[in-house]
Structure formats: structure tokens, C-alpha cells
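Sequential numbering from 1 applies to the sequence shown in full-length UniProt numbering. Single-structure report; data block below.
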Amino acid sequence: MYKQILLQSVCQITVTLLFHFLGVKILGFEETSGNNTIVQTLVFNTFVFAQIFNSLNSRRLDRKLNIFEGMLSSWYFMTITLIEIAVQVIIVYIGGTAFQVTRIGGREWGISLALGFVSIPLGALIRLLPNRPFESLFILIHLLPKPEGGLPRVRSDVEENPTIESARDGAFAILRGERLRSPSFVVKSSQARLHENRAPLPSWMTGRACNTLSDPARYGPSKSSAALWEGKPQIHPDTKPDDPVYRIKLGRGNRPFTV
1 MYKQILLQSV CQITVTLLFH FLGVKILGFE ETSGNNTIVQ TLVFNTFVFA
51 QIFNSLNSRR LDRKLNIFEG MLSSWYFMTI TLIEIAVQVI IVYIGGTAFQ
101 VTRIGGREWG ISLALGFVSI PLGALIRLLP NRPFESLFIL IHLLPKPEGG
151 LPRVRSDVEE NPTIESARDG AFAILRGERL RSPSFVVKSS QARLHENRAP
201 LPSWMTGRAC NTLSDPARYG PSKSSAALWE GKPQIHPDTK PDDPVYRIKL
251 GRGNRPFTV
């Protein structure tokens, strides 16, 4: 978009100034006030139609060349464009002194339309130009911010799948035992890894207590991650006080089951 704005503006300013100051000589007119008014009307007409044709270029901001794609389905765009053309014709023919214009002949209409139409092939050429030099220029003049550190500012996988963003935060919930709970995250070290031969809890206690394995975070949360870290199994806080699990002793020796 910035590239189009820059080069289209340079082209339109060049054509406008060229015909404003040298239009009488270019068109072969004599230096009279009437001919000067014709030239100024041509300049005004050229500028307006350059904007109208450039509005077709503005329908695309990518590097594809088909600027007419889907135009027939855009009734707002077509209607407004036709209104602009009609108003410009009315201004030229009956605007007179109010707009400092005069009626012009077919040759002047053809020249102004042709100069305005230049915006379309120019837009195609601009799209084919590489973006990197223009990006460097816009960064130099502070039109664009400097890229930060080499790391991507937006992850493509997050853009395509928003659920990954919640997983990245570590705050997503997991469903276990018909309860929605937040997991506890525990950092393991090789010294704190528990023995693999430790016996798990009986199967009838599944859903009530967590197995004493080396990765307690994998088996769900508890009130005390430190207790799981030490290899002490825990009972789910919603377990009823009269549950038999409170009277069971597990572990090495006579170490009691930890609540």
C-alpha cells in the first residue's frame, strides 16, 4: 500500500506539474487566457480521472495483477465510481467560473482520460517491483517501525489455530473424573525422580487418589505439589471424611498415607 501511494503520487504530481507549466506548448496552443483555461481544465480532468482509475488499483493490496476480480459484485464501488464520473463531466460542462474550468474538445478529453488511465498499468508495474528496498526506505524515514530482534512477532501456528495460544499460556483446563481442574506444573530433576518399582494404588482408588509416579503433574493436580514431589500420594480434596482410603497405610515401612 505504501509503495503504491508513493509511486502513484510521484507519477500524478509529475504529470500535473508538467501540463500546468508546459501544457500550452505541449498542446501547440497560443499563449492566451482562453487556451490557458483549457489547459487548466485538462490538468484538472487528468487529476480526477487518475484518482478514479487508481481506485481500481486500490481494490487489491497484494501482488496479484487482476484488479477487476469481483468488481461486478461490488455494487457500492461501481455506483460511487459512476457518480464520480458523472459529477466530473457536469463540472467540466457547466462548472464554469465556480471551478475555473471551461468546456474542452474531444482531443483534450482523450488526452486527460489517457493520462488518467496510466495509473492502471503503473499499478501493475509497481506490484512487480520488489518490496525489500521500499521497506528499507520506509523504515529509514520512520514510516514503518524497525523489526525487533530477528524473532517473529506473530506465530503462524497461533494464527491458524487459536487454541494453541491458550495451551501456550499453561492455564488451560483438563477434564478428569468429571471435574474441570487446572493442572499443577512441577519442575523435575534427576535427583528427585522416584523409583519406578514403587507399587501403584489399587485400581478401586482410581479417581480418588493419584499414583506415586515420577511425574505427578501428568496425573492431575493436588493442593500440595510438594507432597507429590516427595513421593507421597494424596487423596482428592473432595473425598468424603468417612471414606476407607483415610484408614489405609501405604508406602515403605509403616509410613502413613498422606492426605
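Every residue, glycine too, gets a C-beta built ideally from N, C-alpha and C.
Around the C-beta of residue i, are 16 or more other C-beta atoms found within 10 angstroms, so that it is buried, or is it exposed?
i	result
E148	exposed
I139	exposed
I80	exposed
I235	buried
V89	exposed
V87	exposed
V92	buried
V10	exposed
D242	exposed
T41	buried
Since residue i contacts residue j with CB under 8 Å, what's their CB separation in whole angstroms?
i	j	result
residue 262	V48	Beyond the ends of the chain as shown, which are 1 and 259, falls residue 262; an answer cannot be given.
V24	V39	6 Å
Do you know whose CA, among the options, lies nearest residue i's CA?
i	options	result
T102	I13, P241, T37, T14	T37
G116	G96, P133, D238, I13	I13
R107	G96, S33, C11, T46	T46
I26	I111, F138, R132	I111
K3	D242, H236, I83, I126	I126
L65	R247, A98, L128, G34	L128
Hey, would you say residue i sits closer than 7 Å to residue j, going by beta carbons?
i	j	result
G105	N57	no
Q100	N54	no
I52	R60	no
residue 288	A50	In the structure as shown, the chain starts at 1 and stops at 259, and residue 288 therefore has no counterpart that could be examined.
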